[in-house]
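Taking it in order: structure first as structure tokens, then the write-up.
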Amino acid sequence: MDELAPVVFFLVGLTGSGKTTYARRALEPAGAVRLSVDEEVFARHGRYGVDYPEYEYFEREAPVVAEVRDRLVRLVSEGRDVVLDHGLWRRADRDAWKKLVETAGGRWRLLYFPVPREELLRRLTARNQEEHANALAVTESALDDFYARFDVPDGEGEEIVPVGSF
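Counting in this note's numbering, the sequence shown runs without a single skipped number right up to 546 at its last residue.
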């Protein structure tokens, strides 16, 4: 793989694991362009579970993901490093994004943010009081559902970003 090729950072973790904070503190200042699906959905439709019903999220998210995918390919073809600020919970989704980046001439790094459930609950309880794009209201039962739908990266070339390291 070409070590000079642009890098796409895949941020993998559950809601509240610190992906956006890490991207803003560590990757954007180094020149990477951050692409956030949640922020774009928020800009178009408002707050999840407040301005539209939760069950409509994936329908509203789908066209945004397609646009982010196209923008990511354009940026890589221009030689730009990119941060995909999107949870990428399913291994099949991660594999598809990896292939997309490689086909576009880039290389990827998969950064995994494992956070204990109790810490996620603490963070989400505080964040549920906020009203910005990255403050999706998440209940304890919703978090349990998230865990059930999350494929923990294992043997995918993942790099662990330890809790409290940024």
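Ideal placement from N, C-alpha and C gives every residue a C-beta, glycine not left out. Everything numeric in this text was worked out from a predicted model, so none of it was measured.
Here's a check: name, in chain order, each residue in its chain whose Cβ is nearer than 7 angstroms to the Cβ of residue i, leaving out the five neighbours to either side.
i	result
Val417	Glu441, Val444, Val445, Val448, His466
Beta-carbon within less than 6 angstroms of residue i's beta-carbon, same chain only, minus the 5 sequence neighbours each way: which residues are those?
i	result
Arg460	Pro386, Val413
Arg471	Asp531
If you count every other CB in all the chains shown that lies within 10 Å of the CB of residue i, and 16 or more means buried, which is it?
i	result
Pro521	According to the sequence provided, residue 521 is Ser. The question's Pro does not apply to it. Answer is exposed; the Cβ neighbour count stays below 16.
Val554	Given a span of 381 to 546 for the chain in the structure shown, any question on residue 554 remains unanswerable.
Ser457	exposed
Leu384	exposed
Lys479	exposed
Pro433	exposed
Glu436	exposed
Could you have a look at residue i and say whether DSSP puts it in helix, strand or coil?
i	result
Ser416	strand
Glu539	strand
Leu491	strand
Val456	helix
Ala513	Summary for Ala513: the model assigns pLDDT 47, below 50, so the residue's position carries little reliability; its value from the coordinates is reported in the next sentence. Coil, per DSSP.
Val532	coil
Gly396	coil
Val421	helix
Leu391	strand
For residue i, I'd like the list of residues in its chain whose CB is within less than 8 angstroms of its CB, leaving aside the five on either flank, ordered along the chain.
i	result
Val481	Val388, Leu452, Val456, Arg487, Trp488
Original post:
Three or more C-beta pairs closer than 8 angstroms, one from the region 482-499 and one from the region 534-543: is that the case here?
Top reply: yes
Subject >> Inter-stretch contact (C-beta, 8 angstroms, three-pair minimum) for the region 402-413 and the region 463-477 >> reply: yes
Subject >> Contiguous alpha helix (DSSP H) assignments of at least 4 residues, all confined to the region 432-480 >> reply: 437-457
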